[in-house]
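*Asks:* Sharing a structure below in structure tokens format, with a few things to ask.
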Amino acid sequence: VVDSGSTSTAMLPAFADISKALVTWLRNPVILQLGTVGSCSRINFGMMSNIETKGYSSPEYFDVVNIDKYDMIMGTPFMHCNKVILDFKKKCVSINRRPIMGKVLDGEEADKVARRHRMRCPEPLKK
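Read in order, the letters of the sequence shown are residues 335 to 461 in this note's numbering.
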């Protein structure tokens with residue numbers, strides 16, 4: 335997820351394991367309170383991994399932490415360094431002026447995504 339409200343660029347330990355990148359132990363762990371599994375977590379590990387998407391490839395630093403609901407969070411440090419623009423009108427994300435079009439889901443594919451979301455968030459949203 336690209337998250338303009340996050341000051342961290344982070345990845346789940348399981349996702350880091352799949353990437354086969356070298357994970358290093360941090361000398362000075364950092365306490366993290368929001369967006370984690372449980373009420374509080376500690377960032378003990380970090381890693382460098384290559385980010386590749388349409389027209390973009392670059393090594394990036396990630397905190398390796400037990401974040402909730404997502405495999406990876408691309409926060410404001412990544413967004414600032416790579417001039418990320420979230421364009422809701424055009425439904426695209428631009429990284430270093432290279433647009434990546436969003437995918438509009440409809441029909442059966444949208445139903446699958448909605449079912450997965452409901453499984454993760456079983457309580458209905460309250461108005």
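Ideal Cβ placement from N, Cα and C applies to all residues, glycine included.
Please state whether DSSP places Ala355 in a helix, a strand or coil.
*Replies:* Coil.
*Asks:* Take every Cβ of the segment 373-384, pair it with every Cβ of the segment 424-443, and state whether three or more of those distances are shorter than 8 Å.
*Replies:* Verdict: no, contact absent.
*Asks:* Quick check on DSSP: helix, strand or coil for Val399?
*Replies:* Here Val399 sits in coil by DSSP.
*Asks:* Just curious, the beta strand (DSSP E) that Thr387 is in, first and last residue?
*Replies:* Segment Ser375 to Thr387, the beta strand (DSSP E) holding Thr387.
*Asks:* By alpha-carbon positions, which one of Phe349, Gly389 and Val427 ends up nearest to Asn400?
*Replies:* Considering only alpha carbons, the answer is Phe349.
*Asks:* For a test of the three-state rule: what should DSSP assign to Met432, helix, strand or coil?
*Replies:* As written in the sequence, residue 432 is Arg, which differs from the Met given in the question. Strand, per DSSP.
*Asks:* Going by the DSSP bridge assignment, what does Met345 pair with across the sheet?
*Replies:* Answer by DSSP bridge pairing, in chain order: Val398 and Met406.
*Asks:* Would you tell me roughly how many angstroms separate the C-alpha atoms of Glu386 and Ile429, rounded to the nearest one?
*Replies:* C-alpha separation (whole angstroms): 11 Å.
*Asks:* Excluding five sequence neighbours on each side, which residues of the same chain lie with their C-beta closer than 8 Å to the C-beta of Gly380?
*Replies:* Here the set comprises Val357, Thr358, Leu360, Tyr395, Phe396, Asp397 and Val398.
*Asks:* Report the residue from Ser340, Lys423 and Met345 whose alpha carbon sits nearest the alpha carbon of Ser383.
*Replies:* Ranking the options by Cα distance to Ser383, first place goes to Met345.
*Asks:* What does a CB cutoff of less than 8 Å around Pro393 pick up in its chain, not counting 5 residues either side in sequence?
*Replies:* Closer than 8 Å at the Cβ level, and outside the excluded window around Pro393, lie Met382, Ser383, Asn384 and Ile385.
*Asks:* Smallest Cα separation from Asp402: which of Lys423, Ala448 and Leu366?
*Replies:* With distances taken between Cα atoms, Asp402 lies closest to Leu366.
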